[in-house]
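In this note's numbering, the protein residues as written are 115 to 555.
Just so you know, even glycine gets a beta-carbon here, dropped at the ideal spot from N, CA and C.
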């Protein structure tokens, strides 16, 4: 089993091949239940499954063998294995030897597997063996990293000045970024209700003395999100600003798109317009599209607009990320929302689809309610909560007229956003939603 990134152990929820089956490189072998999603483990070799070493319901950890594969004969047209094997005399290879590494999980995940140290160079010299890790902060906040590593760090919201480089002359490698992220995750995973904040745990009475009780386990998603939300609540000083928008014209415009959308098999919801309005507001208030550095001394402002969209599933709340919202139109966003929502409900979201968000939207408008206070999804600094729109009488200067009013709220990190900036942000969103033409300008 390759590095799964976030757990010491995971459950095998599906075995996708049988002994005797022929597989190609990257064909899925098993499905694991990982952080708020499921993950397929692909085959690193082409060949025949000679023995399955796991079954549905097993609990496995990094490094456990999951199958034995008799490799296809050379020249069969299959790609070579990703890594060389140590015993070329045996046709059977264990998948755990060179299974491709999954992408690292989202930073918001509160649990982590033990971090493996990066391997030494293939041909170390005396000088390289004495190479010491270099922290960019000790070099005057200068660092060396390839464009690919920089892009990878930006996707995860990582400040490379905080990362210790283990490459030649302190160069930051991808493994260094992964280690840094896992360190943050590990620190969140070890947080207890009393750690750091001096908050005593709540002692529970014996409820059975008052009447019949039933104890049921929390789902994995609720366990994970619960710890993360607890960490966010303790570490982020929250302020919530309430506001509302007149979406009468927007709703009329949306209904006018219904026939065109149905021809494409789409359903246009108010959420896609809200996403466009939020991104337009984020461009005017870049501090809302940022993260606070670990030392609290710097603000990491992101130049991309990836929105996390909270999705209600049978197992709990998950937050897949829609990337580059500013570069997509209403129909494209509608298509993507349908796809990620379906994958979320089926538990098939991958780690990459749940990482890299810059701002989150939680919409309960389809259910009801008037207002609520969403918890900031750290390391983001803001989150929007959308409630159910209702027709209300509004005075137009001469008479009352019925208008469709959308209540919403924005919670933010008060260390980054002050009250005046917060209300200007919500007013800007309301203005865009009330006059859809401004989103086109």
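Beyond the five residues adjoining it in sequence on each side, residue 144 comes within less than 7 Å, by CB distance, of 126, 128, 129, 130, 155, 168 and 180 in the same chain, given in chain order. As DSSP reads the structure, residue 467 sits in no beta bridge. When DSSP states are grouped into helix, strand and coil, residue 165 belongs to the strand group. DSSP lists 432 as the bridge partner or partners of residue 425. Look at the beta carbons and you see the segment 485-493 not touching the segment 442-460: under three pairs across the two are nearer than 8 Å. Of 116, 161, 518 and 337, the smallest CA-CA separation from residue 175 is found for 116.
Straight across, the Cα-Cα distance linking residue 526 with residue 421 is about 15 Å.
For residue 403, the CB contacts under 7 Å within the same chain, skipping 5 residues up- and downstream, are 396, 415, 416, 419, 472 and 473 in chain order. Look at the beta carbons and you see the segment 540-548 touching the segment 347-358: at least three pairs across the two are nearer than 8 Å.
Taking C-alpha positions only, residue 374 is separated from residue 439 by approximately 21 Å. Taken through DSSP and simplified to helix, strand or coil, residue 131 comes out as coil. Contact check for residue 547 and residue 394: beta-carbon distance about 10 Å, past the 8 Å limit, so the pair fails to qualify. DSSP places residue 285 in the coil class of the three-state scheme, outside both helix and strand.
Residue 413 is bridged by DSSP to 406. Bounds of the beta strand (DSSP E) holding residue 185 are 181-185.
Here the alpha carbon of residue 171 sits roughly 46 Å from the alpha carbon of residue 283.
Judged by pairs of C-beta atoms under 8 Å, the segment 516-532 touches the segment 494-508, as three or more such pairs exist. Closest option to residue 477, judged by alpha-carbon separation, among 347, 469, 505 and 523: 523. For residue 360, the enclosing beta strand (DSSP E) covers residues 352-360. Burial state of residue 366 is exposed, judged by a 10 Å Cβ sphere holding fewer than 16 other Cβ atoms. Distances from the alpha-carbon of residue 479 to those of 182, 425 and 347 put 425 closest. If you look at residue 455, you'll find it in the alpha helix (DSSP H) that goes 444-459.
Around the beta carbon of residue 316, a 10 Å sphere encloses fewer than 16 other beta carbons of the protein chains shown; the residue is thus reported as exposed.
Remark: C-beta atoms of residue 483 and residue 502 approach each other more closely than 8 Å. According to DSSP, residue 259 shares a beta bridge with 286.
Going by beta carbons, residue 361 and residue 520 fall inside the 8 Å limit.
Counting only the Cα atoms, residue 457 lies some 25 Å from residue 138. Residue 410 sits exposed, since fewer than 16 C-beta atoms from the chains shown fall within 10 Å of its C-beta. A Cβ-Cβ distance of about 7 Å is found for the pair residue 270 and residue 291, placing them in contact under the 8 Å criterion.
Listed in chain order, the non-local C-beta contacts of residue 161 below 6 Å within the same chain comprise 183, 184, 185 and 186, local neighbours out to five positions each way being set aside.
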